[in-house]
């Protein structure tokens, strides 16, 4: 009987250990499933993040492009504004110097406040234009004095 009791006890112990191993295997399987689910979720988040990063990069490139254009346009516009302004002044000076021959203009406050013979731009070409205009005005004035 003791042999049968020992065998029965051993069988019960083996069965208990088998149940414990089965429980541990089930727990490991559950953890593996959970880890797989987390990995899938992490992959989904990574893909979404990558898509967001690509979109942000595209948006940044568009913003940078717009900023470059906005910063460049005023410089170009300013340059053209000054060119047009200087050409207008030169034309006004040219017209006023040719009209001095026929009619002497009356002196106004505007003429006193704006000296039209002084160059407003420092480029060599415009300075040459103004020097030529000043010479022609001086020649005409000296001719008028001689008469």
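Numbering (the numbering used here), first residue to last: 5 to 151.
For each residue, glycine too, the CB sits at the ideal point set by N, CA and C.
**OP:** Please list the segments of the beta strand (DSSP E) lying wholly inside the segment 14-71, counting only runs of 3 or more residues, in order along the chain.
**Re:** DSSP assignment within the segment 14-71 yields no whole beta strand (DSSP E) run of 3 residues or more.
Subject >> Same chain, Cβ closer than 7 Å to residue 57, five either side skipped, listed in chain order >> reply: Around residue 57: no qualifying Cβ.
Subject >> Inter-residue spacing [alpha-carbon to alpha-carbon] between residue 25 and residue 31 >> reply: Approximately 10 Å between the Cα atoms of the pair.
Original post:
Nearest-angstrom Cα distance between residue 144 and residue 86?
Top reply: Approximately 29 Å between the Cα atoms of the pair.
Original post:
Taking DSSP as the reference, what is the three-state secondary structure of residue 148?
Top reply: Residue 148 falls in the helix class under three-state DSSP.
Subject >> For residue 138, three-class secondary structure by DSSP >> reply: It is helical.
Subject >> Rounded straight-line distance, which links the Cα of residue 47 to that of residue 16 >> reply: In this structure, the CA atom of residue 16 is about 46 Å from the CA atom of residue 47.
**OP:** Report yes if the C-beta distance between residue 137 and residue 90 is below 8 Å; otherwise report no.
**Re:** With respect to residue 90, residue 137 sits apart: the two C-beta atoms are not nearer than 8 Å.
Original post:
Between residue 84 and residue 71, what straight-line distance do the alpha-carbon atoms span, to the nearest angstrom?
Top reply: Cα to Cα, the separation comes out at about 20 Å.
Subject >> 8 Å CB neighbourhood of residue 62 in its chain, flanking five on each side removed >> reply: Leaving aside the five residues that flank residue 62 on each side, none in its chain has a CB nearer than 8 Å to its CB.
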